[in-house]
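Numbering (this note's numbering), first residue to last: 1 to 508. The next block holds one structure in the form of structure tokens; read it before the comments.
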């Protein structure tokens, strides 16, 4: 290592004084030195510029998830090398230092160079360094001594590895800095392992957030129990049905809220899912008749828990109607106005109702777009058929396709064992109202276009085409023509839904 350090010092002096690259200098170092020279970086400088307090606060907020995950990992790694003269630094995707931890000796030495939170550590700012190259080249890298462009950094060795999100995008960098005499290839391995741990933890947290969002988006009460039938998790619908707080129910045995012990034992002894069981839940000061489904959680051929979903009996009695679609309650008689423009719009809507063309309703939020959609449905020849309203913005991105077009059994992990019809199937011989259609993910738009073109759907995980007779009414509070120009919305889909346009003016 001493020979390498000496070689690089001579190569650096030669480049700075003569502009000549010595053979044997790594390609990425050579390219970076030349770029620094082009930028006009002072090779005798290397002191970082620090963000002002307000902009630093903004940057910390933008990276709070990264910091909250990375800091404990940095602390754990640092415990293994405490006293060895090293400093660990977390950097955001733009090269700003956002966290650091290390020995006092190296912390003090690097503070002279403003190597502190808020400093920008790019090539243009402070010359060739491991952080800048790791972010630029998207690979782990180690620099020793005079490989750095600025002479003030020649005392150091730096090892850095990029940090990626679940899609492979760079979101930051982890760096390990110490004196050049302590340079060792293992340092890069330590940093690489740390960056990998941060990536995995971030992915796990995102996965949990997705599960939480999916969990709370389910329109049934849901309880998750461990193998002792103690409740470990509950969704908001369950809390509402039982009129109980999460704090109260977590840790309860299922017998505390479910009346029939025989049913409990029967359900929980099953190794297969158990569906549509009548039972009584104990709510706050009342009994609640429900129907439940129970699905065992199996690992290594052992039941480690159970998921119970349930709905109140009074809602289950209407299951046939619900499977056929939601009822449209409003008619044109409910649209009362003295405004001449609104009267003309109502007449246009009535004419549109008599046809079977797709309709696009545009208007600001709160202007009554769904009221018009329901009125059009009830005025049309489809009035006895189902009216299915779908808010495209409220469905988790990962579930949009299965919600609209349904899925076959086994289509994905967590899917209903028997499969499930989508909103289009439920709207057969009726009307589907696609509210906030401008929020529909771009990749789903092409599949919706195909359905509008051939009037057939294929469930997720299936191959069989199902022919449907559905009238589409779409609504948006966006300017879809502008969204088309921005490439956020498909042009061909826009023209398929925009056969008849109804613009509802703002209520002001």
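Glycine included, every Cβ here is placed at the ideal spot set by N, Cα and C.
Opposing strand residues paired with residue i [DSSP bridges]
i: residue 274; result: 294
i: residue 174; result: 90 and 161
i: residue 503; result: 362
i: residue 430; result: 470
i: residue 289; result: 280
i: residue 144; result: 157
i: residue 493; result: According to DSSP, residue 493 bridges with nothing at all.
i: residue 310; result: 221 and 292
i: residue 115; result: Beta-bridge pairing links residue 115 to no other residue.
i: residue 258; result: 281
i: residue 101; result: 88
i: residue 456; result: 467
i: residue 475; result: 361
Assigned exposure category for residue i - 16 Cβ within 10 Å defines buried
i: residue 258; result: buried
i: residue 207; result: exposed
i: residue 213; result: exposed
i: residue 374; result: buried
i: residue 442; result: exposed
i: residue 110; result: buried
i: residue 471; result: buried
i: residue 355; result: exposed
i: residue 137; result: exposed
i: residue 431; result: buried
i: residue 29; result: buried
i: residue 205; result: exposed
i: residue 186; result: exposed
Separation of residue j from residue i, as counted between CA atoms
i: residue 360; j: residue 505; result: 14 Å
i: residue 49; j: residue 36; result: 16 Å
i: residue 274; j: residue 381; result: 41 Å
i: residue 234; j: residue 296; result: 16 Å
i: residue 245; j: residue 348; result: 49 Å
i: residue 25; j: residue 8; result: 8 Å
i: residue 74; j: residue 502; result: 57 Å
i: residue 108; j: residue 179; result: 13 Å
i: residue 394; j: residue 366; result: 16 Å
i: residue 146; j: residue 15; result: 11 Å
i: residue 325; j: residue 139; result: Its pLDDT being 47, under 50, residue 325 is placed unreliably by the model, and the measurement read from it follows with that caveat. One C-alpha to the other measures close to 53 Å.
i: residue 451; j: residue 487; result: 21 Å
i: residue 92; j: residue 454; result: 48 Å
i: residue 65; j: residue 198; result: 10 Å
Distance between beta carbons of residue j and residue i, contact taken as under 8 Å
i: residue 305; j: residue 227; result: 6 Å
i: residue 142; j: residue 157; result: 7 Å
i: residue 493; j: residue 449; result: 5 Å
i: residue 429; j: residue 378; result: Actually they are not in contact, since the Cβ atoms of residue 429 and residue 378 sit about 15 Å apart, beyond 8 Å.
i: residue 43; j: residue 150; result: 6 Å
i: residue 176; j: residue 155; result: 15 Å between Cβ atoms; not a contact.
i: residue 427; j: residue 396; result: Not really, about 21 Å apart at Cβ, beyond 8 Å.
i: residue 113; j: residue 41; result: In fact, because the Cβ distance is near 14 Å, the residues do not count as touching under 8 Å.
i: residue 447; j: residue 405; result: 7 Å
i: residue 500; j: residue 357; result: 5 Å
Of the residues the options, the one placed nearest residue i, counting alpha carbons only
i: residue 289; options: 273, 399, 330 and 310; result: 310
i: residue 420; options: 14, 274 and 401; result: 401
i: residue 160; options: 90, 206, 41 and 281; result: 90
i: residue 57; options: 375, 174, 38 and 99; result: 99
i: residue 531; options: 459, 54, 399 and 478; result: The structure shown has nothing for residue 531, since the chain only spans 1 to 508.
i: residue 221; options: 232, 231 and 237; result: 237
i: residue 513; options: 70, 477, 286 and 408; result: Any question about residue 513 goes unanswered here, given that the chain covers just 1 to 508.
i: residue 97; options: 103, 120 and 342; result: 120
i: residue 445; options: 407, 463 and 495; result: 495
i: residue 203; options: 165, 185 and 427; result: 165
i: residue 498; options: 437, 39, 465 and 299; result: 437
i: residue 196; options: 218, 171, 307 and 217; result: 171
i: residue 412; options: 462, 30, 163 and 431; result: 462
i: residue 31; options: 78, 85, 333 and 148; result: 148
i: residue 163; options: 185, 186, 70 and 6; result: 70
i: residue 281; options: 254, 301 and 52; result: 254
i: residue 335; options: 362, 352, 371 and 399; result: 371
i: residue 465; options: 485, 474, 491 and 408; result: 408
i: residue 167; options: 475, 153, 200 and 187; result: 200
i: residue 132; options: 101, 95 and 103; result: 95
Cβ-heavy atom distance, residue i to the ligand NAP, below 7 Å
i: residue 294; result: Only the bare structure without any ligand can be found here, which leaves the ligand NAP out of the picture.
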